[in-house]
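These notes are about the structure you will find just below.
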Amino acid sequence: MGQTIVEKIFAAHRRDTPTPENIILDLDVVMCHEITTPIAITDLEARGMDRVFDPDKIKAVIDHVTPAKDSKTATQGKILRDWARRHNIRDFFDIGRNGVCHALFPEKGFIRPGYTVIMGDSHTCTHGAFGAFAAGVGTTDLEVGILKGVCSFRLPRTIRVEITGELSAGVYAKDVILNIIKEITVNGATDRVLEFGGPVVDAMSMEARMTLCNMAIEAGATCGICLPDQTTAEYLWPFIKDNYATVDQAVEDFNQWHSDPDAVYEQVLRFDVSSLVPQVTYGFKPDEVKDITAMEGVPVDQIYIGSCTNGRIEDLREAARVLAGRKISDQVRGVLSPATPGVYSQALEEGIIKIFQDAGFCVTNPTCGACLGMSTGVLAEGEICASTTNRNFNGRMGKGGIVHLMSPLSAAAAAVAGKITDPRPMLA
Amino acid sequence: MKQFGGQALFLDRSDINTDEIIPAKYLTENTKMDLKPYALEDLKLSGFNPARDLENKSVIVSRANFGCGSSREHAVWVFEVNEINTVIAESFARIFRQNMYNCGMLAIELSAADIDTLFNLGGDVTIEVDLAESKIKARGKQTAEFSFSLNEFDRKLVEAGGWLNYADLHY
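Sequences listed follow chains A and B, in order.
Under our numbering, think of the first position of the first sequence as 3, with each following residue one higher.
Under our numbering, think of the first position of the second sequence as 10, with each following residue one higher.
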């Protein structure tokens, strides 16, 4: 019987099977940030277990609130920084080199096909874009990961999501995943893996695949995953060129992490995206999604472009297509947080930062900040934000604030119009 | 191992997320006890008052997909420091459920019909949990008994007082 990619990864990393339903996996990468890791560190210290299983397999970044906004966040950064130094964790990204974890770590080439990855952050599923099994975990799982290099999971069931057709102009990976979550619902994929495939995914860049996998958790999935291919190998090439003679050879090697043709899926869902229009959320759950045309005219107070979902260079380029030569409405304020220093530099080089600034956007340093209502763009009670992030939960971006999730293009259009609007006419 | 059971708090909504259980702005606290006043602060549920309604409660009863969203274990800790030891729901989000067992706490799934029965018992409801027998007895104006099933590995974690203790012994 054939295996899915995740079944293959699990078989290759199996440390133990304490019951037929559970598996303990060896981990290739344990990623840490300053919100969920410091408590793990202080707990390990208190237990006399201040050790790490392998400093080279641990990656750490200060990204959620940076630069620190107060003494408490400064302390969180200090605990992480001191710990990284103490244990010779070389891949620690402090202020100046830091960015949103799920954008920064892929840029650094840390994630490879077939890897097992955990982080104390639910959007760790993003890294499935590389053909890795990547899952968000809590602090205790993180502690055990740091200490022992293992994590427990239930054996996965996989839902294959086959995406066919052709995306029309102005419709992106964000619209596709919002539409998929609407169909699957917020818990339709709980304890499942979402394996994304089909011609639309094959044609997607790594950035777009990351957007797709990033929101798998919003359907309850343990992880999202794409099969590694030529696009994956080309993205990773600067980091793997010493391991393979050619990109083609890397692609051939990556084929070991493809689901077999006779792999058994719990379910196969098919989405033809040819007639898909830009999508937007309403309400307080990410499966409450409508066509943007049905939300036309809803006024907004703030536009936020950034995050691990949509703060990458392609996202900025798309938004800039609408913003170039235009001003944002005087009824709104715009905040751009490029996801990493690399994205920021690239956007500067391409003149994109100037387009945002000329349009009236504030450009912040790379940080998670406003997405979860911690800093750099928190909403006031009753305010509405058009956001490229991943969660429209009650209070997510600030107590009493309301969030509408959408693509960077749709967010840029909302900035110009001062209200939610179909971005496609602005592309003309 | 912790003791399980006690007076129930009913949260009649599905998809209660961890941002509602503990908003992100409190994730800068560096001890679990500091989280205590903020439990369920942003819960969208009409008539709910966290300080009043959490008092003397040890068990939360809710609907489907409890604990969805962010992976923050703070959502489990804020229950722990408020003396909540068990959450009973129709279903859980994976990470929250694992965080409960990892902390040696109980997440129990019952069918939608059983959850309805619990919601309809009337009066103040007290819940006894017999972990060894996988049974729950609930007493309100009416009384009801339920069997539940627990994954054997998760049971071991609860019995060990959490995943760190278990992992340190085995790996």
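Backbone N, C-alpha and C define an ideal beta-carbon position, used for all residues, glycine too.
- request: Measure the Cβ-Cβ separation of Thr248 (chain A) and Phe132 (chain A) and say whether it is below 8 angstroms.
  value: Position 246 of the first sequence, counted from the first residue, corresponds to residue 248 (chain A). Position 130 of the first sequence, counted from the first residue, corresponds to residue 132 (chain A). No.
Candidates A:Arg398, A:Leu429, A:Cys225 and A:Ile25: closest to Leu157 (chain A) by CA position: The residue you call residue 157 (chain A) lines up with position 155 of the first sequence. The residue with the shortest Cα to Cα distance from Leu157 (chain A) is A:Ile25.
message: By the DSSP assignment, the alpha helix (DSSP H) with Ser79 (chain B) in it spans what residues?
response: Within the second sequence, the letter at position 70 stands for residue 79 (chain B). Premise fails: Ser79 (chain B) is in no alpha helix (DSSP H) and is neither H nor E.
- prompt: What does Thr391 (chain A) reach in chain B if we use C-beta pairs closer than 7 angstroms?
  reply: Translated into the one-based positions of the first sequence, residue 391 (chain A) becomes position 389. Taking a Cβ-Cβ threshold of 7 angstroms, none of the residues of chain B is close to Thr391 (chain A); the smallest such distance is about 12 angstroms.
query: Is DSSP giving His104 (chain A) helix, strand or coil here?
result: Residue 104 (chain A) sits at position 102 when you count from the first residue of the first sequence. His104 (chain A): helix per DSSP, three-state reduction.
- request: Have a look at A:Val300, A:Val365 and A:Val324 and flag the residue whose alpha-carbon is nearest the alpha-carbon of Gln333 (chain A).
  value: Residue numbering aside, residue 333 (chain A) sits at position 331 when the first sequence is read from its first letter. When only C-alpha atoms are compared, the closest one is A:Val300.
message: Which of the three DSSP states is assigned to Gln444 (chain A) in this structure?
response: Because residue 444 (chain A) is not part of the residues shown, which for chain A are 3 to 430, the question remains open.
query: Beta-carbon of Ile41 (chain A) versus every beta-carbon of chain B: anything under 8 angstroms?
result: The residue given as residue 41 (chain A) occupies position 39 in the first sequence. It does; some Cβ of chain B falls within 8 angstroms.
message: To test your reading of the DSSP string, which unbroken alpha helix (DSSP H) runs of 4 or more residues are found completely within the stretch 324–403 of chain A?
response: The qualifying runs are 343–351 and 354–361.
Own chain partners of Leu318 (chain A) with C-beta closer than 8 angstroms, once the 5 adjacent residues on each side are dropped: Counting from 1 along the first sequence, the entry for residue 318 (chain A) is found at position 316. Around Leu318 (chain A): Ile307, Leu338, Pro340, Val345, Ala349, Ile354, Phe358 and Pro410.
- request: Determine which residues of the stretch 154–173 of chain A have a Cβ less than 9 angstroms from any Cβ of chain B, and write them out in chain order.
  value: For the stretch 154–173 of chain A, the residues whose beta carbon sits under 9 angstroms from a beta carbon of chain B are, in order, Ser154, Phe155 and Arg156.
field: Own chain residues within Cβ distance below 8 angstroms of Phe198 (chain A), not counting five before or after
entry: Here residue 198 (chain A) is taken as the residue at index 196 of the first sequence, counted from 1. Counting only residues of its own chain and dropping the five nearest sequence neighbours on each side, Phe198 (chain A) has a CB closer than 8 angstroms to the CB of Val163, Ile165, Arg211, Leu214, Cys215, Gly226, Ile227 and Cys228.
- request: Alpha carbon to alpha carbon, how far is Lys61 (chain A) from Pro343 (chain A)? Give it in angstroms, no decimals.
  value: Position 341 of the first sequence holds residue 343 (chain A). Position 59 of the first sequence holds residue 61 (chain A). Each residue's CA atom was taken as its position, placing Pro343 (chain A) and Lys61 (chain A) some 17 angstroms apart.
task: Within the stretch 28–79 of chain A, note down every full alpha helix (DSSP H) run reaching 4 residues or more, in order along the chain.
output: Runs of the alpha helix (DSSP H) inside the stretch 28–79 of chain A: 39–48.
message: Quick check: Val188 (chain A) and Asn74 (chain B), are their CB atoms within less than 8 angstroms of each other?
response: Locating residue 188 (chain A) in the first sequence gives position 186, where the first residue counts as 1. Locating residue 74 (chain B) in the second sequence gives position 65, where the first residue counts as 1. Between Val188 (chain A) and Asn74 (chain B), the C-beta spacing is below 8 angstroms.
- prompt: Taking only beta-carbon atoms, is Ser158 (chain B) less than 8 angstroms away from chain A?
  reply: The count along the second sequence starts at 1 and reaches residue 158 (chain B) at position 149. When Cβ-Cβ separations below 8 angstroms define contact, Ser158 (chain B) makes no contact with chain A.
query: When Cβ atoms are compared, which residues of the stretch 58–69 of chain B fall closer than 7 angstroms to chain A?
result: When CB distances to chain A are screened at a threshold of 7 angstroms, not a single residue of the stretch 58–69 of chain B falls below it.
- prompt: Starting from Lys10 (chain A) and walking both ways along the alpha helix (DSSP H), at which residues does that stretch end?
  reply: Within the first sequence, numbered from 1, the residue matching residue 10 (chain A) stands at position 8. Note, Lys10 (chain A): alpha helix (DSSP H), Ile7 to Ala14.
- request: Check the C-beta distance from Phe95 (chain A) over to Leu106 (chain A) and give it rounded, since I have them as a contact under 8 angstroms.
  value: Within the first sequence, residue 95 (chain A) is the residue found at index 93, counting from 1. Within the first sequence, residue 106 (chain A) is the residue found at index 104, counting from 1. Right, the Cβ-Cβ distance comes to about 6 angstroms (below 8 angstroms), so this counts as a contact.
message: So, with DSSP's three-state summary, where would you put Gln232 (chain A)?
response: Taking the first residue of the first sequence as 1, we reach residue 232 (chain A) at position 230. Reduced to three states, the DSSP call for Gln232 (chain A) is helix.
task: Kindly indicate which residue of A:Ile294, A:Asp65 and A:Ala265 has the alpha-carbon position closest to the one of Lys10 (chain A).
output: The residue you call residue 10 (chain A) lines up with position 8 of the first sequence. From the listed residues A:Ile294, A:Asp65 and A:Ala265, the smallest Cα separation to Lys10 (chain A) is found for A:Ala265.
- request: Give me the Cα-Cα distance between Gly131 (chain B) and Lys53 (chain B), rounded to the nearest whole angstrom.
  value: Stepping through the second sequence from its first residue, residue 131 (chain B) is reached at position 122. Stepping through the second sequence from its first residue, residue 53 (chain B) is reached at position 44. Here the alpha carbon of Gly131 (chain B) sits roughly 23 angstroms from the alpha carbon of Lys53 (chain B).
message: Could you check whether the Cβ of Ile117 (chain B) sits closer than 8 angstroms to any Cβ belonging to chain A?
response: The residue given as residue 117 (chain B) occupies position 108 in the second sequence. It does not; no Cβ of chain A falls within 8 angstroms.
query: Which one of A:Ile305, A:His66 and A:Val202 has the shortest CA to CA distance from Ala419 (chain A)?
result: Here residue 419 (chain A) corresponds to residue number 417 of the first sequence, with the count starting at 1. Checked all of A:Ile305, A:His66 and A:Val202; the closest Cα to Ala419 (chain A) is A:Ile305.
message: Can you check whether the C-beta of Lys45 (chain B) is within less than 8 angstroms of a C-beta belonging to chain A?
response: For the purposes of this step, residue 45 (chain B) is taken as the residue at position 36 of the second sequence. It does not; no Cβ of chain A falls within 8 angstroms.
- prompt: Can we say the stretch 5–21 of chain A touches the stretch 148–164 of chain B, given the rule of at least three CB pairs closer than 8 angstroms?
  reply: Here the stretch 5–21 of chain A lies against the stretch 148–164 of chain B, with 3 or more beta-carbon pairs under 8 angstroms apart.
query: Gly190 (chain A) to Ala223 (chain A), Cα distance in whole Å?
result: The residue labelled residue 190 (chain A) in the question sits at position 188 within the first sequence. The residue labelled residue 223 (chain A) in the question sits at position 221 within the first sequence. The alpha-carbon atoms of Gly190 (chain A) and Ala223 (chain A) are separated by roughly 8 angstroms.
- prompt: For Thr38 (chain A), which residues in chain B fall below 9 angstroms Cβ to Cβ?
  reply: The residue labelled residue 38 (chain A) in the question sits at position 36 within the first sequence. Thr38 (chain A) reaches chain B at Leu36, Ser80, Arg81, Glu82 and His83, counting residues in chain order whose Cβ is nearer than 9 angstroms.
query: When we look at the beta-carbon of Leu325 (chain A) and count the other beta-carbons within 10 Å, is it buried (16 or more) or exposed?
result: To locate residue 325 (chain A), count along the first sequence from 1; it is residue 323. The C-beta of Leu325 (chain A) has 16 or more other C-beta atoms within 10 Å across all chains shown, which makes the residue buried.
query: Can you name, in chain order, every residue of its own chain whose Cβ lies under 8 angstroms from the Cβ of Phe128 (chain B), other than the five neighbours on each side?
result: For this step, residue 128 (chain B) is matched to residue 119 along the second sequence. Result list for Phe128 (chain B): Phe19, Asp21 and Val70, in chain order.
field: Contact check, Val68 (chain B) vs Gly14 (chain B), beta carbons under 8 angstroms
entry: To locate residue 68 (chain B), count along the second sequence from 1; it is residue 59. To locate residue 14 (chain B), count along the second sequence from 1; it is residue 5. Their beta carbons are under 8 angstroms apart, which means Val68 (chain B) touches Gly14 (chain B) by this criterion.
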